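S.K.:
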Amino acid sequence: MGVEEYVARTLITVGLDRAVNWAINKARKNSLWPIGLELACCALEMKASCMPPYDLARFGAELFQPSPRQADLMIVAGTVTNKMAPVVRRIYDHMAEPKWVIAMGACAASGGLFQSYAVLQGVDCVIPVDVYVPGCPPTPEALIHGILQLQKKIEEEHFSDRI
Amino acid sequence: MMMPVSQGNNHPAVHKLARTFGRSVIEAACSSGQTILTIGRNDIGLVCRFLRDDHDLRYDHLSDLCGVDYQDKKPTRFEVVYQLYSSMLGDRLCIRVGVAGGDRVPTVTDVWPAADWLERECWEMFGIYFDRHPDVRRLLTLDEYGGFPLRKDFPLRGTVEIVEVAEGGVTWRPRS
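From first to last, the protein sequence lines stand for chains A and B.
So the first sequence is numbered by the working numbering: it starts at 96 and just counts up by one.
So the second sequence is numbered by the working numbering: it starts at 7 and just counts up by one.
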């Protein structure tokens, strides 16, 4: 292998792929536009995390979108009832790739204290979840920690996995 | 200022109903200052219309309608409870109707349209069927959900759980 070939392969192809991956992941993780599924009391903590004392905007995730088509991140905040499950799935399907999901609170993660006939026992029965944020409800700090964990996860992904 | 309405057997509705419907008024009781009437199942529609239209009573607001499951504690297993309010008298009236399993209760949607969702919920949760209800469908659970969840013999966590939701609909499996 000549020097030119080696340089071309490492710097141009492998290097380019790495650089592009780095740049795209950087862009993705620092502009997570969430759609908030405000299903119960967790929603209040989710809103609080956007307020000045916590300021989710520091991490680029403050722009809550009213439409799933403009969102990258779905924050399921609260109790998902069986009746709501098809709606949650539908909203998730409407989101364009790349998309991630945070299950916020005990209810979204496992049904929480509602071990009942009417409540879905964890939103992961219906949609894939990337990060679980425990708590009942989680504090805004916990949600922000969850978003930071998700950012780490995005950094480790290859951008082409989510197209 | 509204005068307080006398309660229990002296409640004005008791006399009027007894005069008009006779034996359909099974019992009049008073609890915590509220009059509770027990009415025969078949006449409930007429009684409610009378209570709404009578010039001295005017129970124009149905504030709640719910079911109760007494299981073995009473000879008639179920009960439907109507909470009425008269904005003219400023008085609340509670009406109870005993319903055995499989019995049908006349609807009051034609008296108070507010009864529509309340009766749907009552049917969905207890399986008490309301005759001539315009739109008997499940209200709070999914359409294909089986069973009546608020009956005492229904398991707390239900009999089925959701496995998957896709375009085609919801997939259920029996709960272990």
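No residue lacks a Cβ here, since even glycine has one placed at the ideal position from N, Cα and C.
Note that the structure is predicted; figures quoted are calculated from it, not measured.
#1: Just to make sure I have the definition right: I need the residues of chain A whose C-beta is within less than 9 Å of the C-beta of B/P155. Which are they?
#2: CB-CB under 7 Å to B/D109, same chain, minus the five flanking residues each way: which ones, in chain order?
#3: Between B/R29, B/F27, B/T44 and B/G28, which has its C-alpha nearest B/A35's C-alpha?
#4: Does the CB of B/M7 have a neighbour CB from chain A at under 9 Å?
#5: Look at the alpha carbon of A/S162 and the alpha carbon of A/M190, and state the distance between them as a whole number of angstroms.
#6: In its own chain, which residues sit with a C-beta less than 6 Å from the C-beta of A/V226, not counting the 5 before and 5 after it?
#7: Shortest alpha-carbon distance to A/P223 belongs to which of A/K247, A/C231, A/A201 and A/W195?
#8: Should B/L63 be labelled buried (16 or more other beta-carbon atoms within 10 Å of its own) or exposed?
#9: Determine the direct distance from the alpha carbon of B/V31 to that of B/V20, and round the result to whole angstroms.
#10: Roughly how many angstroms separate the alpha carbons of B/V169 and A/P233, rounded to a whole number?
#11: Let's test the definition: count the other Cβ atoms within 10 Å of the Cβ of A/V115 and tell me whether it reaches 16, buried, or not, exposed.
#12: With DSSP run on the structure shown, which of helix, strand or coil describes A/A143?
#13: Quick one: is A/W117 buried, meaning 16 or more other Cβ sit within 10 Å of its Cβ, or exposed?
#14: In terms of alpha-carbon separation, which member of A/L132, A/L208 and A/E157 lies closest to B/R163?
#15: Give the interface partners of B/T147 over in chain A, defined as CB-CB distance under 9 Å, in chain order.
#16: Express the C-alpha separation of B/S69 and B/C54 in angstroms, rounding to a whole number.
M.R.: Straight from the coordinates:
#1: Your numbering for residue 155 of chain B matches position 149 in the second sequence. Ordered by position in chain A, the residues that pass the 9 Å Cβ test against B/P155 are S211, Y212 and A213.
#2: Residue numbering aside, residue 109 of chain B sits at position 103 when the second sequence is read from its first letter. If we look at B/D109 and ignore the five residues flanking it on each side, its Cβ neighbours are R47.
#3: For the purposes of this step, residue 35 of chain B is taken as residue 29 along the second sequence, with counting starting at 1. Proximity to B/A35 across B/R29, B/F27, B/T44 and B/G28 peaks at B/T44, based on C-alpha coordinates.
#4: Your numbering for residue 7 of chain B matches position 1 in the second sequence. Caution is warranted here: a pLDDT of 49 is assigned to B/M7, below 50, making its placement in the model unreliable, and the coordinate value is therefore given only provisionally. No, no contact with chain A.
#5: Residue mapping note: residue 162 of chain A aligns to position 67 of the first sequence, counting from 1. Residue mapping note: residue 190 of chain A aligns to position 95 of the first sequence, counting from 1. Rounded to the nearest whole angstrom, the CA to CA distance from A/S162 to A/M190 is 8 Å.
#6: Counting from one through the first sequence, the residue named residue 226 of chain A turns up at place 131. Once the five neighbours on either side are set aside, the close Cβ partners of A/V226 are I197, G241, Q244 and L245.
#7: Residue 223 of chain A sits at position 128 when you count from the first residue of the first sequence. Nearest option by C-alpha distance: A/W195.
#8: Walking along the second sequence from the start, residue 63 of chain B turns up at place 57. With 16 or more other Cβ atoms within 10 Å, it is buried.
#9: Counted from its first residue, the second sequence places residue 20 of chain B at position 14. Counted from its first residue, the second sequence places residue 31 of chain B at position 25. Cα-Cα distance, rounded: 8 Å.
#10: Against the second sequence, residue 169 of chain B aligns to sequence position 163. Against the first sequence, residue 233 of chain A aligns to sequence position 138. Between the C-alpha atoms of B/V169 and A/P233 there is a straight-line separation of about 27 Å.
#11: Reading the first sequence from its first residue, position 20 is the one you call residue 115 of chain A. A/V115 sits exposed, since fewer than 16 C-beta atoms from the chains shown fall within 10 Å of its C-beta.
#12: One-based indexing of the first sequence puts residue 143 of chain A at position 48. When DSSP states are grouped into helix, strand and coil, A/A143 belongs to the helix group.
#13: For the purposes of this step, residue 117 of chain A is taken as residue 22 along the first sequence, with counting starting at 1. By the neighbour-count criterion, in which 16 or more other beta carbons inside 10 Å mark a residue as buried, A/W117 falls on the exposed side.
#14: Along the second sequence, one-based indexing puts residue 163 of chain B at 157. Of the residues A/L132, A/L208 and A/E157, the one whose Cα lies closest to the Cα of B/R163 is A/L208.
#15: If you number the second sequence from 1, residue 147 of chain B lands on position 141. Chain-order list of chain A residues neighbouring B/T147: T176, N177, K178, Y212 and A213, by C-beta distance under 9 Å.
#16: The residue given as residue 54 of chain B occupies position 48 in the second sequence. The residue given as residue 69 of chain B occupies position 63 in the second sequence. Looking at the two C-alpha atoms, the distance is approximately 13 Å.
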